[in-house]
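Per UniProt numbering, the sequence shown starts with residue 1, numbered consecutively. Report on one structure; see the data block that follows.
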Amino acid sequence: MSVIGRVWCLLVPLVSLICESHGAGSSYAGSASAIIDPSKVKQVSWKPRAFVYKGFLTELECDHLISLAKSELKRSAVADNLSGDSKLSDVRTSSGMFISKNKDPIVAGIEDKISSWTFLPKENGEDIQVLRYEHGQKYDPHYDFFADKVNIARGGHRVATVLMYLTNVTRGGETVFPNAEVEEFPRHRGSETIDDLSECAKKGIAVKPRRGDALLFFSLYPNAVPDTMSLHAGCPVIEGEKWSATKWIHVDSFDRKAGGDCTDHHESCASWAAVGECTNNPEYMVGSAGLPGYCMRSCKAC
């Protein structure tokens with residue numbers, strides 16, 4: 001069976017929300033890292049397929065991700081549809097950073113939990129991206145699957161996204177699916193009462209950011225065709241501050257194999273190396289635990 005075939009055989013059982021554990025040993029106290037409670041999962045949409053897990057992250061996990069990210073935030077970028085390169089755009093106005101999968105036991109426990117819920121291997125996922133949205137900041141409607149060949153070459157399309165909310169937001173900041181199938185005159189949009197939503201969020205099925213909750217949605221149909229109903233946006237924050245953590249998961253392994261990979265994987269590697277990032281941020285730049293970094297060439301690490 002092909003890789004895609006194996007992956008999609010795992011995805012189909014998701015609708016039944018089967019509970020699975022990756023082992024009894026937990027890497028930090030109180031994490032229950034790989035144990036999934038299906039009673040906390042609610043389907044919010046079928047087109048696209050989207051689910052919310054209430055209390056997916058603990059208070060400790062939320063605080064820890066924010067703490068790791070606070071001093072490392074940079075302006076968020078988007079992928080160019082033609083070249084695949086990252087670029088700044090008014091489409092996305094948040095700030096963010098990536099946390100390596102084995103950064104510490106807490107992050108590793110979160111990675112285990114994501115893999116248990118999605119039934120997808122950890123190696124298919126990108127590093128967790130932590131994002132901060134301040135007043136007025138947003139992410140306009142976009143797809144998580146790719147339109148360029150450059151990004152598809154590494155791990156294939158993004159098949160699923162897990163969006164974890166690290167803080168409550170007083171008003172705004174919802175995740176909205178504007179192309180989703182919605183009843184003509186609903187009182188609810190997904191899991192939310194329409195009166196509780198911002199004007200942006202009323203344009204489709206929406207999920208409010210609540211600390212500890214996680215949203216899982218699929219960008220591809222089970223036959224691996226991109227699902228245009230998965231178009232989604234991060235509504236502007238009207239009151240408060242929004243922190244979230246995103247895990248993008250591909251149809252194949254996203255992790256590069258160690259050895260023989262002496263190249264840079266970001267256009268800014270040379271400039272980052274010039275200001276000392278090889279030393280200041282070695283896990284991202286050079287790599288660790290057998291996983292090459294993104295800027296090995298500029299850091300002269302190979």
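Idealized CB from N, CA, C, for every residue including glycine.
- Within the region 152 to 183, the runs of beta strand (DSSP E) at least 3 residues long that lie entirely inside it are, in chain order, 158 to 165 and 175 to 177.
- Residue 144 and residue 299 have their C-alpha atoms roughly 30 Å apart.
- Spanning the alpha carbons of residue 155 and residue 255 requires a straight line of approximately 8 Å.
- Sorting 142, 57, 210 and 70 by C-alpha distance to the C-alpha of residue 169 places 210 at the top.
- The region 227 to 236 and the region 173 to 182 touch, with three or more beta-carbon pairs separated by less than 8 Å.
- Within the same chain, Cβ atoms closer than 6 Å to the Cβ of residue 204 are found at 176, 177, 178 and 180, the five residues on either side in sequence being excluded.
- For residue 252, the closest of 111, 152 and 117 by C-alpha to C-alpha distance is 152.
- Within the same chain, 100, 103 and 293 come within 8 Å of residue 283 by CB-CB distance, once the 5 residues on both sides are set aside.
- By the Cβ test, the region 191 to 199 is not in contact with the region 130 to 138, since fewer than three Cβ pairs between them sit closer than 8 Å.
- The alpha-carbon of residue 206 is positioned some 17 Å away from that of residue 227.
- Within the DSSP secondary-structure output, residue 264 pairs in a beta bridge with 295.
- CA-to-CA, the gap between residue 62 and residue 72 works out to about 16 Å.
- Under the DSSP assignment, residue 135 falls outside any beta strand (DSSP E); it carries neither an H nor an E label.
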